[in-house]
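Report on the structure given below.
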Amino acid sequence: MKPTVRRPGALGALMDELDRAVRDLVQLVGPLTQVNYDVVRDRETADEDCRSIHTVVEHVVRSGYGYTERIRGALDVPFVLPDYVVATPLDALHELQTMAFTLAGTFEGRWDLESDVRITARSGRIYDLEQLIEHAIVHVLRHRRQIERFLTETRFKGDRR
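If you want it as structure tokens, here you go:
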């Protein structure tokens with residue numbers, strides 16, 4: 452994912468930052484072997500989405516499309532959840548980039564949208580447009596950090612059972 456041309460306005464800045472966060476995650480996941488991608492690293496977590504790098508990436512992609520669906524719904528922009536596969540590190544690179552591209556595509560020709568658009572998250576919390584995009588950015592960052600820890604901390608070395 453090459454650096455993007457700077458998009459206009461506050462929404463453009465946020466989408467540029469989402470691209471940067473996704474680019475950093477892609478650089479982390481890209482060089483992984485299939486074994487390192489799939490190995491269970493946290494057997495103690497109750498969260499099935501956080502057991503391996505593979506499950507974390509799948510969660511990030513699924514959530515990214517969830518943000519897109521909510522935002523497009525609030526803007527009356529059609530959205531159909533694409534079929535996506537993150538079975539390999541190469542799949543992950545493609546799907547993370549596609550997810551970010553799909554969200555950014557929501558704003559083409561709308562970069563001047565005001566943040567008075569209200570969006571209700573699945574949790575019931577109400578966000579304005581900028582808040583939800585900020586949440587999406589931080590979501591990617593948090594999981595990038597989690598994967599970094601999986602790769603560097605001994606307790607997450609992995610279990611090939």
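Counting the sequence shown from 1 gives a position; the numbering used here is that position plus 451. All residues carry an ideal CB built from backbone N, CA and C; glycine is no exception.
The C-beta of Val-507 has 16 or more other C-beta atoms within 10 Å across all chains shown, which makes the residue buried.
In this chain, the beta strand (DSSP E) harbouring Tyr-578 covers 577–579. Secondary-structure assignment with DSSP links Arg-593 through no beta bridge to anything.
According to DSSP, residue pairing for Arg-569 in a beta bridge involves Asp-579. Rounded to whole angstroms, Asn-487 and Val-473 show a C-alpha spacing of 19 Å.
Partner residues in a beta bridge of Val-486, as assigned by DSSP, do not exist.
One alpha carbon belongs to Glu-499, the other to Asp-579, and they sit about 29 Å apart.
In terms of Cβ geometry, Leu-476 and Arg-600 do not form a close pair [threshold 8 Å].
Taking a contact to require three or more Cβ pairs closer than 8 Å, the stretch 532–542 and the stretch 582–597 do not qualify as touching.
The alpha helix (DSSP H) runs of length 4 or more contained entirely in the stretch 481–527 are, from start to end of the chain, 485–489 and 504–525.
DSSP places Gly-460 in the helix class (H, G or I) of the three-state scheme. Taking a C-beta distance under 8 Å as the contact criterion, Gly-517 and Ala-551 do not qualify as a contact pair.
Assignment of Gly-560 by DSSP, reduced to helix, strand and coil, places it in the coil class.
Between Val-480 and Pro-529, the C-beta gap is not smaller than 8 Å, which leaves the two residues out of contact.
The Cβ neighbour count for Thr-571, taken over all protein chains shown within 10 Å, is under 16; the residue is labelled exposed.
In the structure shown, the three-state DSSP call for Glu-604 is coil.
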